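Report on the structure given below.
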Amino acid sequence: MRDRLQIRDVGANAGERAQGFLAIGETPSMPVQVPLAIINGSEDGPILCLTAGVHATEYAPIDAVMRTIQSLDPRTLRGAVVAVPVANMRMFETRTGFVSPLDGLNLNKVAPGRLDGTLSEILAHTLLDEVIGRAQYHIDLHAGDLGEMLLPFAGYALTGDRGRDEMGEALARLYSPRLISLSTNGGTIPPFADGLVYAANQRGVVSLFAESGGNGTLDECDVQVHLNGIANVMRHLGMIAGDVASAGPRVSARDRTVVRARRAGLLRLKVAIGDDIGAGQEVAEICNVFGETVERVCAVLGRRSGVGLHAERDDGHDEISRRQGRPDHG
Ligand SMILES: [Zn+2]
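Our numbering numbers the first residue of the sequence shown as 317 and each following residue consecutively.
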């Protein structure tokens with residue numbers, strides 16, 4: 317029989333569920349708190365922590381965690397799920413992207429946080445110490461934020477511990493439909509060293525960074541990527557019944573290049589996220605406030621200076637990096 321699982325005032329016996337709020341601090345008018353759900357299975361198994369809403373205008377991952385909480389049955393669950401559907405409630409309430417309106421900080425860039433810091437730093441510390449740190453496995457669910465689009469991917473920060481790293485990569489492959497990102501300290505691809513996922517990994521939790529959705533939207537296909545990923549991970553860990561969906565070929569990111577605009581204005585993309593691009597192809601234009609085009613961004617070939625991600629396929633073909641290029645300001 318499993319033990320009761322208790323996090324402050326929220327506790328569930330084996331075979332039960334519970335939900336409530338963790339107090340983080342207060343503003344002059346109201347408390348700052350984090351919603352927390354515990355689904356404690358009736359059978360022994362691992363504890364999986366799910367967090368979403370670190371960036372709280374990323375709605376597909378928030379919805380996926382909400383739906384997971386509602387769909388799990390503690391009577392048949394092996395192990396337990398500890399879930400935070402919206403980590404940053406003030407961003408959720410105010411529809412604020414990237415940084416908290418309370419202190420101007422990005423919750424995914426202040427790990428491991430501190431108890432005597434600002435509210436985002438206290439929040440990071442509390443999540444890592446009292447919630448994520450209670451689990452053996454963790455998934456931090458994200459999407460592109462407001463005005464941000466991306467290809468779905470799952471990432472893991474390599475630690476050098478072979479056993480944990482093999483599990484982390486396996487879970488990333490099971491979560492993502494196509495692209496995975498295995499980062500090293502100081503590298504150019506996420507998860508980065510100041511994020512919750514990296515900090516959790518350093519504490520011995522096998523922690524994934526999972527992205528699907530973006531641009532302030534809530535599309536069912538984006539939610540399904542997260543729901544399928546969560547279910548696949550839980551099946552692999554033996555927490556729920558069902559076959560693990562077969563993992564097809566994955567593209568493993570090695571590097572990325574950030575292209576900064578030289579002119580200010582409105583960006584019009586000429587390609588869709590995930591499209592293959594060729595040398596000379598126009599990928600975007602920038603127009604000024606009067607609508608006059610002031611910059612065209614075109615691709616040129618370049619292995620180390622490509623647009624977007626350098627990547628290699630599982631079969632060893634360096635397909636994507638050959639097709640990417642450096643912007644040509646024409
Ligand atoms: Zn995010």
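Just so it is clear, CB atoms sit at the ideal spot from N, CA and C, and this is done for glycine as well.
Treat the numbers as computed from the prediction; the structure is a model and nothing was measured.
Beta-carbon proximity of residue i to residue j, cut-off 8 Å
i, j, result
"residue 340", "residue 438", "yes"
"residue 369", "residue 402", "yes"
"residue 569", "residue 511", "no"
"residue 462", "residue 373", "yes"
"residue 377", "residue 356", "no"
"residue 398", "residue 451", "yes"
"residue 380", "residue 539", "yes"
"residue 525", "residue 458", "yes"
"residue 499", "residue 468", "no"
"residue 343", "residue 421", "no"
Near ligand 1: residue i beta-carbon under 7 Å from a heavy atom
i, result
"residue 379", "no"
"residue 541", "no"
"residue 325", "no"
"residue 608", "no"
"residue 454", "no"
"residue 531", "no"
"residue 424", "yes"
"residue 370", "yes"
"residue 538", "no"
"residue 445", "no"
Counted within 10 angstroms of its Cβ, other Cβ atoms place residue i as buried (16 or more) or exposed
i, result
"residue 387", "exposed"
"residue 520", "exposed"
"residue 615", "buried"
"residue 560", "exposed"
"residue 436", "buried"
"residue 566", "buried"
"residue 622", "Any reading at residue 622 is ruled out, since the residue's pLDDT is 45, under 50, leaving its predicted position unreliable."
"residue 557", "exposed"
"residue 516", "buried"
"residue 325", "exposed"
"residue 635", "For residue 635, the predicted structure reports a pLDDT of 33, less than 50, and the residue's modelled location is therefore unreliable. The matter cannot be settled from this model."
First through last residue of the beta strand (DSSP E) which encompasses residue i
i, result
"residue 361", "359 to 367"
"residue 322", "321 to 323"
"residue 347", "347 to 356"
"residue 496", "495 to 499"
Which residues DSSP lists as bridging residue i, in chain order
i, result
"residue 600", "585, 613"
"residue 332", "356"
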